[in-house]
Structures are given as structure tokens and as C-alpha cells.
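Novice: Line by line, the protein sequences give chains A and B.
So for the first sequence, my numbering puts the first residue at 58; every next one is plus one.
So for the second sequence, my numbering puts the first residue at 1309; every next one is plus one.
Handing you a structure now.
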Amino acid sequence: DAKTTQPNSMESNEEEPVHLPCNHSTISGTDYIHWYRQLPSQGPEYVIHGLTSNVNNRMASLAIAEDRKSSTLILHRATLRDAAVYYCILCRQSWAGSYQLTFGKGTKLSVIP
Amino acid sequence: DAGVIQSPRHEVTEMGQEVTLRCKPISGHDYLFWYRQTMMRGLELLIYFNNNVPIDDSGMPEDRFSAKMPNASFSTLKIQPSEPRDSAVYFCASSSYRDRDGGYTFGSGTRLTVV
């Protein structure tokens, strides 16, 4: 499986934008880029995913490099509730349509009041 | 929907005892996953089911672990006999292929401590 590389930790001030980077230089053409986050003492939570184009939803935006070897999760305005571990995951769908998520170590985001 | 429901939230048991973890997936979801999380190894996929059938159990650590899904609304993960190294947080997640844009939905986890 193609691997992702993320910084171990990042800090952000409250109410400022946050850009969480992810490198995936060995990504294949059919790999989707998924982001999940895990708040303290909770299970992971789906954030967003994309293939080639940038994506926006109510939680965040995903910016994907033109060569797809890197991506950035953008939280437009960090709140204290956004403090979590953020996982960037490449997801390869099998012919059956099932897909498995393999979690790495992620980036621990701290939000400073 | 109440989301993915796991029970118990916490379990403390003695080495050698049988432990059963339970999961109720979201109604209508056709995939169910069991993960284990430890500080050392992070989140590991143990097994997953599609339409109640086990598809891949290659992540199950050893024969002491078994998982079943007797129907679409219930799954169990059993450890027999339990060992201290099984101490971890066990998560259940479910998803729908038809609505795969929604990603996985995880439960709150069961924190297992084997003493």
C-alpha cells in the first residue's frame, strides 16, 4: 500500500486557518485521499476525501496537488474543538467495491486559545 | 440514528478469562470493521465483514481472537483466553458502499484492560 507522511504535531491559534500537510509520493492513479480525525477519548471521525479535484464540505477543504503527490487539509477557522489527531489515508478500492482504511500515526493538532 | 453502538465502554478482566465485545452498526450499513488501538501500534484493522460475511481476517492477531456477525445489526469480537497484551481500545466501525462518500462511522470504543 502507498504510504503517507505527516508531521507529528502542529499548533494553531484559535480562530485562525490551519493547513495540515500530507505527502504521498507513491500514490497510484486510483487511490483516493481520505482524512479522518480522532478527538480525545473518541473514535475516528470522517472529515473529507477526494481523488483529483479540490473538495469542500462543512468541516473542511481538501487541496490536492496537481501531481497528486501531496495534499493539504484546510480548517478555515480553528476552534478548540478541532484539537485532535488528523489522519491522512490513501484508500484503494478493490474490484468488489470494498475498501479498507489503514491508519498511520497522523498529526496531532493543538489549538491555542 | 444513534450511530455505531459499542458495549461495554470499559472492561477490566483477569488474564485467562473470556472477553466479549459487542457492536451494533448503523442500520443499512453493509460493511462492519473491527479495529484495535494501542499507543505502540496505533489503529490496526483486525477484521471486516460485508453483508455479515467475514471478508478479511488477516489482521486478527492469533487464534485467541474470533469475530462473528450473526445478523446485520450485531457483531461480536471475542478473546479467549485474554492476555495482558490484549489491553487496548477496540473500535467498531460501519459503512455503506452505496453511500461510501460518507466514509466510515466509528463507535466510541471499548477500553479493555487485562490484568
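Heads up, the beta-carbon is just placed ideally off N, CA and C, and yes, glycines get one too.
In the DSSP assignment, find the unbroken beta strand (DSSP E) run with threonine 37/A in it and report its ends.
Specialist: Past the edges of chain A, shown from 58 to 170, lies residue 37/A, and the structure says nothing about it.
Novice: Would you mind stating whether tyrosine 103/A and tyrosine 1412/B have Cβ atoms separated by less than 8 Å?
Specialist: Against a cut-off of 8 Å, the Cβ pair of tyrosine 1412/B and tyrosine 103/A comes out as a contact.
Novice: Starting from the beta carbon of lysine 162/A, find every residue of chain B whose beta carbon is closer than 7 Å, and list them in chain order.
Specialist: Simply Gly1350.
Novice: Between Ser69/A, Phe160/A, Leu77/A, which has its C-alpha nearest leucine 147/A's C-alpha?
Specialist: Of the candidates Ser69/A, Phe160/A, Leu77/A, the one whose C-alpha sits nearest the C-alpha of leucine 147/A is Phe160/A.
Novice: What residues in the region 101 to 116 of chain A have a beta carbon less than 9 Å from any beta carbon of chain B?
Specialist: Taking 9 Å as the Cβ-Cβ cut-off against chain B, the residues of the region 101 to 116 of chain A that qualify are Pro101, Glu102, Tyr103, Val104, Ile105, His106.
Novice: Using CA coordinates, which residue listed in Ser69/A, Gln63/A, Asn65/A is at the minimum distance from leucine 137/A?
Specialist: The shortest C-alpha separation from leucine 137/A is found at Ser69/A.
Novice: List the whole-angstrom C-beta distance separating asparagine 1379/B from asparagine 1360/B, where the pair is believed to meet the contact cut-off of C-beta under 8 Å.
Specialist: Their Cβ separation, rounded to whole angstroms, is 6 Å, which keeps asparagine 1379/B and asparagine 1360/B in contact under 8 Å.
Novice: Closer than 9 Å between beta carbons: that is the criterion. Which residues of the region 1355 to 1368 of chain B meet it against chain A?
Specialist: Within the region 1355 to 1368 of chain B, the residues whose Cβ lies closer than 9 Å to some Cβ of chain A are Tyr1356, Asn1358, Ile1363, Asp1364, listed in chain order.
Novice: Kindly say whether threonine 62/A, judged by its beta-carbon, lies nearer than 8 Å to any beta-carbon of chain B.
Specialist: It does not; no Cβ of chain B falls within 8 Å.
Novice: Determine which residues of the region 1380 to 1404 of chain B have a Cβ less than 9 Å from any Cβ of chain A, and write them out in chain order.
Specialist: From the region 1380 to 1404 of chain B, only Val1397, Phe1399, Cys1400, Ala1401, Ser1403 have a Cβ closer than 9 Å to chain A.
Novice: Which residues in the same chain as leucine 132/A place their Cβ atom closer than 6 Å to its Cβ, once the five residues preceding and following it in sequence are excluded?
Specialist: These residues qualify, in order along the chain: Val75, Ala117, Asp139.
Novice: For glycine 1415/B, is the classification buried or exposed, using 16 other Cβ atoms within 10 angstroms of its Cβ as the cut-off for buried?
Specialist: Buried is the call here.
Novice: Within 10 angstroms of its Cβ, does glutamine 1325/B collect 16 or more other Cβ (buried), or is it exposed?
Specialist: It is exposed - the Cβ of glutamine 1325/B has fewer than 16 other Cβ atoms within 10 Å.
Novice: Is there a Cβ of chain A sitting closer than 8 Å to that of leucine 1329/B, yes or no?
Specialist: For leucine 1329/B, the answer is no, since every Cβ of chain A falls outside 8 Å of its Cβ.
Novice: Quick one: is serine 1335/B near chain A, going by C-beta distance under 8 Å?
Specialist: With 8 Å as the cut-off, serine 1335/B does not count as an interface residue toward chain A.
Novice: Would you decide whether histidine 91/A is buried or exposed? Buried here means 16 or more other CB atoms lie within 10 Å of its CB.
Specialist: Buried is the call here.
Novice: Among residues of its own chain, excluding the 5 on either side of glutamate 123/A, which ones have a beta-carbon nearer than 7 Å to its beta-carbon?
Specialist: If we look at glutamate 123/A and ignore the five residues flanking it on each side, it has no Cβ neighbours.
Novice: Whole angstroms is fine: what's the gap from proline 97/A's alpha carbon to valine 1397/B's?
Specialist: About 12 Å.
Novice: Quick check on leucine 108/A: buried or exposed, where buried means 16 or more other Cβ atoms within 10 Å of its Cβ?
Specialist: Exposed, because fewer than 16 other Cβ atoms sit within 10 Å of the Cβ of leucine 108/A.
Novice: Just curious, the beta strand (DSSP E) that aspartate 1364/B is in, first and last residue?
Specialist: 1361 to 1364 is the extent of the beta strand (DSSP E) around aspartate 1364/B.
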